[in-house]
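Enquirer: Before anything else, here's the structure in question.
Chains as they are written, first to last, in my numbering: chain E, 1 to 522; chain S, 523 to 1044.
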């Protein structure tokens, strides 16, 4: 399949425009052919209008039909095979094993959501049947369920070119809910985006989905992206990326004549709390696990453990020494793109220059971006310095870890209280530790979306119970998750039908429960 | 119980302040004793700090304990008896039957939420147990459920002095979820608010709830209300009232360092679509039902049918004539307060003076506010005029109805497309009508939270399936409902626990399902 570099509008391609970009291989800094043409205003409006018209049709497709579409997308992605792996590796610098693993995660996710909607119980169907003889007033027949919101715009992430990108969790859950999707491709992997988009296009045609159920636009976030979020046809936004990018979209969405929900996952420092007895019992395994978690994917995960809170004592020192040894022995690896590479270099330079911070592993790599090498870095500071200098709590996206040394429980509690909203919070603790430090759990629960015990935050399982969310600024909406089947509810709203004729009700709400789903009936 | 006029901060009362207001009897325009002292900044901060500290304790109370609290609030409200009825009637101009009925609705709602949380299945408990042998990577044990958001501020509504006020749906669902509540009392019925708040205070003491689980503040929306929404301790807002009031709170909440959700129910015109065959078959019953729905509670309901779409034909004319007759014979009644009365008079004056609108029933009442009499009004306009003049789609809170006459299906569809988000949409249709006009259902479904067939929108059942919501500007968040048991989810967020020791899990997530609730287990 030849990559064409043109935006995809439903079953068609947009014309070439006057401006274009090329993908860049971060391992060499050189451009990759072909050019990708930026979508013009007319193309943006065309995609939005098409999605709006299609919504009426797509939202009425049965769950079985939508499930067949999702399953076919997974098949079509698998059918691309080697060209997808090659292109994705070239555009992201990620190794083959990771790209193949992530492809599996992506197709697995599509099939999980297909089975979710095939089952139908996700839709929160509730029925209160009429009570015509109730006094003083009869009760009407009322039935409600989750229905799709409308066309959704998805901003692809750079750090998961497949699982959080064109056919990633946001797209999959929106399509599953019954919403047409327009993806704003990430400029870091446009070729990968096009390959996946064509797979979705093929699957839509093959399973009889309406034209416009899916579009992919190339172009800048500040032009194409902002225009999409401001467009009246759009009813919700999914985003994974920087705090600056996410909050900019939140502002645009809030200022619309009709404000719409933005689900922005903006990352966090994912504090790890190491309690004393656990440390003394498991120096080697904690140092090892932390090292793997901190350097996995060159640290380019939203759940990367950026801040580790360790007691200032001999056992803590021993752990720090082992961790530093391992980080020192880690080879620098290619990061995703020049923007991320430069931000990482700037971030660690700032810490190196902060006189309240000790540099244990410098992490200094090459200054130019060819290649974009990221070297593991370790910094150490005291809890009191960390509490005084707010900049130390900022996320540095990449394989850098800041160790914060606390003296006593009061200092540890103050440290935890100082954190803003986080995706995860991790505790390593023995039973004795949990008894001695029981107060920290309630603080952590107020701050995070997922609490991890005696393990590490990276590796987000795609399952029914997963919560990949957390209070602002980890996400724009701490009530939601962008991973796992709960993610579908972001793109729905409840609708009630009062005294509706049976024939006009969605199957989920009909008498006799023809779909055999779990419902709440009274 | 003597009404004291002082804000209630947990188990205590705030001191008297320099400024105060008195309630006004809308049937006479005269003041009612005693004065109610406006909360000062210090009092606001005190209530917020207390709620914040209390959250840690209250959120850990078992569902059984919270249910006992809610049930006891219902008991304590019933125990007030006659003084509550007398005071509420005096402050609102509503008749005894309505106040007694609304008290029953309020206590019924408290007991419904008590049974909801006692059952426990509402909490969305999900469990994915560990798969240590899974290849290539083991699956950890992950469990998640809905947990309370934090302290909630509730703005009481004027039009339901009990069911949407101090112990109304917002307060009840937030307390049920595990969130402390601070109510900003409505200045239209401060005495009623205090009586109810003292009942909550007593119930909290009697059932061993922590100090600060509930507070009631007197004062202006622009001072006390804004300060509460901006306060960092507050994590969500419930509001029922005007669009101006609701959107002002949305703005404050969005501009916070940590933006928080605002659930503002701002009302709508609740379009009623009358299709031709249904009209010809049921002139008398439709005219009668519409008249009751339009004038119930002097039209002061969010679900009041403000705009009725009727075909321009002889059958439609016959219906209009019967409806006008009934509205003409309706005695003017006392409205809730001078602000609402003046807004209603201004609204109908604007329609009277609009040369595209025919005044069928003038609705003119007294110009001053002693008493605040609201007379039923009926206006008529064409679909094309309605489409040209956006002002005709504005809500006029009170017993005024605008009849919009359409010529054909295209015009009706254009009419429906022109509506902004609405709480409800009503259709009167025979089977033949539904066949002839099938396209309107999809349009309506995009616009409203509840579709009503062959009935009327007023009368919102408090039950599991109710959706009292709808796209902006009907509400600030069309994904939610402020009536029915779904309302509880507004004040929660999902939290996941990974590899947690059993003893640290909420009971809802423990092995063996000790609470016997409905869970999703994999």
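All residues carry an ideal CB built from backbone N, CA and C; glycine is no exception.
What three-state label does DSSP hand residue 25 (chain E) in the structure shown?
Expert: As a working note, residue 25 (chain E) is residue 25 in the first chain. The answer is strand: DSSP assigns residue 25 (chain E) an E or B state.
Enquirer: Taking residue 346 (chain E) as the reference, which of E:151, E:368, E:2 has the closest Cα?
Expert: Taking the first residue of the first chain as 1, we reach residue 346 (chain E) at position 346. Checking every option, the nearest Cα to that of residue 346 (chain E) belongs to E:368.
Enquirer: Do the stretch 546-557 of chain S and the stretch 622-631 of chain S make contact, defined as three or more Cβ pairs closer than 8 angstroms?
Expert: Verdict: no, contact absent.
Enquirer: How should residue 138 (chain E) be labelled, buried or exposed, when 16 other C-beta atoms within 10 angstroms of its C-beta is the threshold for buried?
Expert: Working through the first chain from its first residue, we reach residue 138 (chain E) at position 138. It counts as exposed.
Enquirer: Counting Cβ pairs, one atom from each stretch, are 3 or more of them under 8 angstroms apart for the stretch 450-465 of chain E and the stretch 1012-1020 of chain S?
Expert: Flag = yes, the stretch 450-465 of chain E and the stretch 1012-1020 of chain S touch.
Enquirer: List, from N- to C-terminal side, the beta strand (DSSP E) runs of 3 residues or more that fit wholly inside the stretch 46-113 of chain E.
Expert: The qualifying runs do not exist here; there are none.
Enquirer: Go through its chain and collect everything with a Cβ distance to residue 128 (chain E)'s Cβ below 6 angstroms, but skip five positions before and after it.
Expert: Working through the first chain from its first residue, we reach residue 128 (chain E) at position 128. If we look at residue 128 (chain E) and ignore the five residues flanking it on each side, its Cβ neighbours are 142, 522.
Enquirer: Please classify residue 425 (chain E): does DSSP put it in a helix, a strand, or coil?
Expert: Position 425 of the first chain, counted from the start, is the residue given in the question as residue 425 (chain E). If DSSP states are grouped into helix, strand and coil, residue 425 (chain E) belongs with the strands.
Enquirer: Among E:46, E:106, E:122, which one has its Cα closest to the Cα of residue 461 (chain E)?
Expert: Along the first chain, read from residue 1 onward, the residue named residue 461 (chain E) stands at position 461. The shortest C-alpha separation from residue 461 (chain E) is found at E:106.
Enquirer: Starting from residue 404 (chain E), follow the beta strand (DSSP E) in both directions and report where the run begins and ends.
Expert: Looking up residue 404 (chain E) in the first chain gives position 404. Run containing residue 404 (chain E): 400-406, per the beta strand (DSSP E) assignment.
Enquirer: Mind listing which residues of the stretch 474-488 of chain E have their C-beta closer than 9 angstroms to chain S's C-betas, in chain order?
Expert: Here the close residues are 476, 477, 478, 479, 480, 481, 484, 485, 486.
Enquirer: Does the Cβ-Cβ distance between residue 708 (chain S) and residue 678 (chain S) come in under 8 angstroms?
Expert: The sequence position of residue 708 (chain S) within the second chain is 186, counting from 1. The sequence position of residue 678 (chain S) within the second chain is 156, counting from 1. Cβ distance < 8 angstroms, so residue 708 (chain S) and residue 678 (chain S) count as in contact.
Enquirer: Any beta carbon from chain E within less than 8 angstroms of residue 985 (chain S)'s own beta carbon?
Expert: Taking the second chain and counting its residues from 1, one reaches residue 985 (chain S) at position 463. It does: the Cβ of residue 985 (chain S) has a partner Cβ on chain E nearer than 8 angstroms.
Enquirer: Who are the Cβ neighbours of residue 260 (chain E) in its own chain at under 6 angstroms, not counting the five residues just before and after it?
Expert: Counted from its first residue, the first chain places residue 260 (chain E) at position 260. Correct list, in chain order: 235, 236, 253.
Enquirer: Work out the CA separation of residue 244 (chain E) and residue 225 (chain E) for me, nearest whole Å.
Expert: Working through the first chain from its first residue, we reach residue 225 (chain E) at position 225. Working through the first chain from its first residue, we reach residue 244 (chain E) at position 244. Each residue's alpha carbon lies about 14 angstroms from the other.
Enquirer: Please say whether residue 306 (chain E) and residue 440 (chain E) have beta carbons closer to each other than 8 angstroms?
Expert: On the first chain, position 440 is the one that residue 440 (chain E) refers to. On the first chain, position 306 is the one that residue 306 (chain E) refers to. No, they are not a contact pair.
Enquirer: Output the boundary residues of the beta strand (DSSP E) element that contains residue 344 (chain E).
Expert: Residue mapping note: residue 344 (chain E) aligns to position 344 of the first chain, counting from 1. That residue, residue 344 (chain E), is in no beta strand (DSSP E); its alpha helix (DSSP H) goes 338-353.
Enquirer: Give, in chain order, every residue of the stretch 1018-1031 of chain S whose Cβ lies closer than 7 angstroms to some Cβ of chain E.
Expert: Within the stretch 1018-1031 of chain S, the residues whose Cβ lies closer than 7 angstroms to some Cβ of chain E are 1018, 1019, 1020, 1021, 1022, 1023, 1026, listed in chain order.
Enquirer: Could you tell me the boundaries of the beta strand (DSSP E) in which residue 280 (chain E) lies?
Expert: In the first chain, the residue the question calls residue 280 (chain E) occupies position 280. Looking at the DSSP string, residue 280 (chain E) is not in any beta strand (DSSP E); the run it does join, the alpha helix (DSSP H), is 276-281.
Enquirer: Would you say residue 528 (chain S) lies against chain E (beta-carbon separation less than 8 angstroms)?
Expert: Along the second chain, read from residue 1 onward, the residue named residue 528 (chain S) stands at position 6. No, because no Cβ of chain E sits closer than 8 angstroms to the Cβ of residue 528 (chain S).
Enquirer: Would you say residue 292 (chain E) faces chain S, with C-beta separation under 8 angstroms as the test?
Expert: Residue 292 (chain E) sits at position 292 when you count from the first residue of the first chain. Output row for residue 292 (chain E): interface = no.
Enquirer: For residue 162 (chain E), tell me which candidate among E:40, E:420, E:73 has the shortest Cα-Cα distance.
Expert: Mapped onto the first chain, residue 162 (chain E) falls at position 162. The shortest Cα separation from residue 162 (chain E) among E:40, E:420, E:73 belongs to E:73.
Enquirer: What does residue 1052 (chain S) reach in chain E if we use C-beta pairs closer than 7 angstroms?
Expert: Residue 1052 (chain S) falls outside the range modelled here, since chain S spans only 523 to 1044, and no answer is possible.
Enquirer: Which of the three DSSP states, helix, strand or coil, is assigned to residue 485 (chain E)?
Expert: Mapped onto the first chain, residue 485 (chain E) falls at position 485. Correct three-state label for residue 485 (chain E): helix.
Enquirer: Excluding sequence positions up to five away, which residues of its chain have a Cβ less than 6 angstroms from the Cβ of residue 358 (chain E)?
Expert: Looking up residue 358 (chain E) in the first chain gives position 358. The residues are 380.
Enquirer: Closest to residue 21 (chain E) by C-alpha separation, out of E:478, E:344, E:190, E:169, would be which residue?
Expert: Along the first chain, read from residue 1 onward, the residue named residue 21 (chain E) stands at position 21. Comparing Cα positions, the closest option is E:190.
Enquirer: Given that residue 9 (chain E) touches chain S, what residues does it touch there, using C-beta distances under 9 angstroms?
Expert: Position 9 of the first chain, counted from the first residue, corresponds to residue 9 (chain E). Under the 9 angstroms cutoff, chain S gives no residues; its nearest Cβ is about 22 angstroms from residue 9 (chain E).
Enquirer: Which term fits residue 1053 (chain S), buried or exposed, when burial requires 16 or more other beta carbons within 10 angstroms of its beta carbon?
Expert: Nothing in the structure corresponds to residue 1053 (chain S), since chain S is present only between 523 and 1044.
Enquirer: With 8 angstroms as the threshold, decide whether the Cβ of residue 234 (chain E) is near any Cβ in chain S.
Expert: Here residue 234 (chain E) corresponds to residue number 234 of the first chain, with the count starting at 1. Not one chain S Cβ lies under 8 angstroms of residue 234 (chain E).
Enquirer: Starting from residue 896 (chain S), follow its DSSP beta bridges and name the residues at the other end.
Expert: Residue mapping note: residue 896 (chain S) aligns to position 374 of the second chain, counting from 1. Beta-bridge pairing links residue 896 (chain S) to S:855.
Enquirer: Among all the DSSP beta bridges, which residues are the ones paired with residue 1035 (chain S)?
Expert: In the second chain, the residue the question calls residue 1035 (chain S) occupies position 513. Beta-bridge pairing links residue 1035 (chain S) to no other residue.
Enquirer: Do the stretch 807-818 of chain S and the stretch 835-849 of chain S meet, that is, are 3 or more Cβ pairs less than 8 angstroms apart?
Expert: With a cut-off of 8 angstroms, the stretch 835-849 of chain S and the stretch 807-818 of chain S count as touching, because enough Cβ pairs lie within range.
Enquirer: Which same chain residues end up closer than 7 angstroms to residue 865 (chain S) when comparing Cβ atoms and leaving out the 5 residues on each side of it in sequence?
Expert: Counting from one through the second chain, the residue named residue 865 (chain S) turns up at place 343. Here the set comprises 919.
Enquirer: If you run the structure through DSSP and keep just helix, strand and coil, what is residue 130 (chain E)?
Expert: Sequence index remark: in the first chain, residue 130 (chain E) carries index 130 (1-based). Correct three-state label for residue 130 (chain E): coil.
Enquirer: Using a Cβ-Cβ cut-off of 8 angstroms, state whether residue 776 (chain S) counts as contacting chain E.
Expert: One-based indexing of the second chain puts residue 776 (chain S) at position 254. Closer than 8 angstroms: yes.
Enquirer: Using the beta-carbon of each residue, which ones in chain E are nearer than 9 angstroms to residue 740 (chain S)?
Expert: In the second chain, residue 740 (chain S) corresponds to position 218, counting from 1. The premise fails here: residue 740 (chain S) is roughly 30 angstroms from chain E at the closest Cβ pair, so nothing lies under 9 angstroms.
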